[in-house]
Every structure is written in C-alpha cells, then in structure tokens.
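K.L.:
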Amino acid sequence: MLTTRYVPGAPNWVDLGTPDTQAAAEFYGELFGWVFRSAGPEAGGYGMFTLDGATVAAVGPLTEEGATSAWTLYFTTADADATAKAVEQAGGQVRSGPYDVFTAGRTAGLTDPTGAEFAVWQPGGTKGLDAVTDPGTLCWTELHSTDPARAKDFYASVFDWDTQESPMEGFTYTVVSPAGAGAEAAHGGIMPVAENLVAAGTPSSWRPYFEVADADAAAATTAARGGSVIMPPEEIPGVGRSAVLADPFGALFAVITSAPAAA
1 MLTTRYVPGA PNWVDLGTPD TQAAAEFYGE LFGWVFRSAG PEAGGYGMFT LDGATVAAVG
61 PLTEEGATSA WTLYFTTADA DATAKAVEQA GGQVRSGPYD VFTAGRTAGL TDPTGAEFAV
121 WQPGGTKGLD AVTDPGTLCW TELHSTDPAR AKDFYASVFD WDTQESPMEG FTYTVVSPAG
181 AGAEAAHGGI MPVAENLVAA GTPSSWRPYF EVADADAAAA TTAARGGSVI MPPEEIPGVG
241 RSAVLADPFG ALFAVITSAP AAA
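The sequence shown begins at 1 in our numbering and counts up by one.
1) Less than 8 Å between the beta carbons of V7 and P192, yes or no?
2) Going by DSSP, which residues form a beta bridge with V35?
3) Per DSSP, T133 is paired with what?
4) Does the distance from the C-beta atom of W121 to that of G136 stay below 8 Å?
5) For the beta strand (DSSP E) containing F75, name the first residue and the last one.
6) Around the Cβ of D100, are there at least 16 other Cβ atoms within 10 angstroms (buried) or fewer (exposed)?
7) In the structure shown, what three-state DSSP assignment does S204 receive?
8) How long is the line joining the alpha carbons of Y74 and R207, rounded to whole angstroms?
9) Identify which residue in P237, E64, L31 has its Cα closest to the Cα of S96.
10) Is it true that the CB of A151 sits closer than 8 Å to the CB of T114?
11) Under the DSSP definition of a beta bridge, which residues are partnered with P61?
12) For V87 and G109, I'd like the C-alpha separation in whole angstroms.
13) Throw me the rounded Cβ distance for the S258 and C139 pair, which I believe falls under 8 Å.
14) Between the C-alpha atoms of Q164 and A181, what's the straight-line distance to the nearest angstrom?
15) Contact between the region 14-33 and the region 229-238 is defined here as three or more beta-carbon pairs at a separation below 8 Å; is this criterion met?
16) Please list, in chain order, all residues of the same chain as V94 whose beta carbon is under 7 Å from its beta carbon, the five residues on each side excluded.
17) Measuring straight from C-alpha to C-alpha, what distance separates D304 and E26?
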C-alpha cells in the first residue's frame, strides 16, 4: 500500500492539468472535500489541493502544446537527470525537463514506450504528498497499457520495480512495488487496455485511484457536478468497491472504497 515513506520508485505526487483551475477546484471540493491553495503568483496558476490542512494533490493550467485535461502521477527519484536518461535508453521519451521547481525539488515529464505519460520528482524542500491511503487521498496507481509486457520491462529498467503476476479473468494483472520493499509496499498495477478500446485508439495511460468512504456516492456526485461515470461502481472481491470517473473536463480517475484489511 502507498505510504509517505517515499523510497525510490514509489509514487510521491499527483497533479491535474486542466483548462479551468477554478472550476476544477470547485468540482473536486464537492467530491472529496478538497480546498485549493495557490502556490503564489510566481507559480503560474499552480496550487495545492488540501484536506484537513494536508496536501493531497495539486492542480495547474495546461502547459504542454496539444495537452488535454489529465491527471499525472509522479514517482520518486534520487536523480531526475539520471532517470530521464534511463527513460530514453529504455525506449521512452522526455517531454519536459529535467528542471528545478524553485527549492521544492527537481522534475521531468516523461512518456513510456507504449505512450503513457508520467513524471518523476526528486525531492528538495517538498518530499511529496502529506497524506495517502486515507479517504480523500491517493491510494493506488494503475497503468492501462496497449503493450503490458513492454511496459513491464520498461519500468523494471527505469525503476527496478518488483513485480508479482496475478491471473485475472482474460488477462494478467501485474502488481508493482518499490525494489526490495516487499509485497506489502505494493503501490500499483499494470494491466492491458481493453481490446475494444485498443481498436478505438485508446492510448496507454496511468490512472490514479482515490480512497472514498462510499464509491456509489462519489459516482453520483461526479455525475451531478458535470462529470461522467465511465465505469459504474462494482465490487472487486477482496479488494473493494470501485468506479472509474471523469471530471467535467474529461480527466480520468478512479475511486475505491477499499475492503477491510484481513484480520
């Protein structure tokens, strides 16, 4: 599970690129109880989403040419420059950076060989999110890939993630965790994009999961506030009740009411 012990390869940040930060702040405020806090005039409209005073996500205007509204997951690195080089050597692309974000840290925007965009964060003054796994916070990361085998090899090369294969109905789900951290530190999974979506041209993408007290209520709020329910809430045995949603600008994310931990 995710923790705020940000070892190399672990998710440590998530932010939303959107054409309307004010409207996005209102939507996610209604959905998760988040409060927007600007990072200041020098940050170009970027700011933090907080919950009970803790930073749980961030949001900013779209900056890359041709970009559409989307959530971006960041993974911890001790050296953003070295990781960017490793990405290129493994067949990925560097979209932006590496560059310093004031004294907060150093970052780079990256794309894996199957087309999924992500980023890395080399901590400076900001180590990462203040809270994870609690209701209203990031609790899981999931890659939907057009070529899961290639994606698995790529991330193993870049981050040296440990993997565990979990057979599912019709496909294999690969659970990933930071190198040497053990299965209990698993932070995400890799799975194939559904065949019908591949045929429709759906690209590979990373999807953040946010913990909620009631997945059905979250889906209803999303629909009522101008978002979309992409996949209605469904029970995943032993995991929890989950739904795939999109905000009013089309940014995909998922919510889950996790099943109680086994005694």
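From the three backbone atoms N, C-alpha and C, an ideal C-beta is built for every residue, glycine too. Small disclaimer: the values here were computed from a predicted structure and weren't measured.
P.N.:
Checking against the coordinates, here is how it stands:
1) The answer is no: Cβ separation not under 8 Å.
2) Paired residues: T50.
3) BP columns for T133 are empty, so no partner.
4) No, the pair does not count as a contact, with Cβ atoms beyond the cut-off.
5) Note, F75: beta strand (DSSP E), 70-76.
6) Exposed: under 16 other Cβ atoms inside 10 Å.
7) Under the three-state reduction of DSSP, S204 is assigned to coil, being neither helix nor strand.
8) The straight-line gap from Cα to Cα measures roughly 11 Å.
9) S96 has its Cα closest to that of E64, out of P237, E64, L31.
10) Yes, they are a contact pair.
11) BP columns for P61 point to T18.
12) Between the C-alpha atoms of V87 and G109 there is a straight-line separation of about 11 Å.
13) With a Cβ gap of about 7 Å, S258 and C139 count as contacting.
14) Computed Cα separation, rounded: 13 Å.
15) Not touching, per the Cβ criterion.
16) Counting only Cβ-Cβ distances below 7 Å, and skipping sequence neighbours, we find A84, V87, E88, A108, L110.
17) Only positions 1 to 263 of the chain appear in this structure, which leaves residue 304 out of reach.
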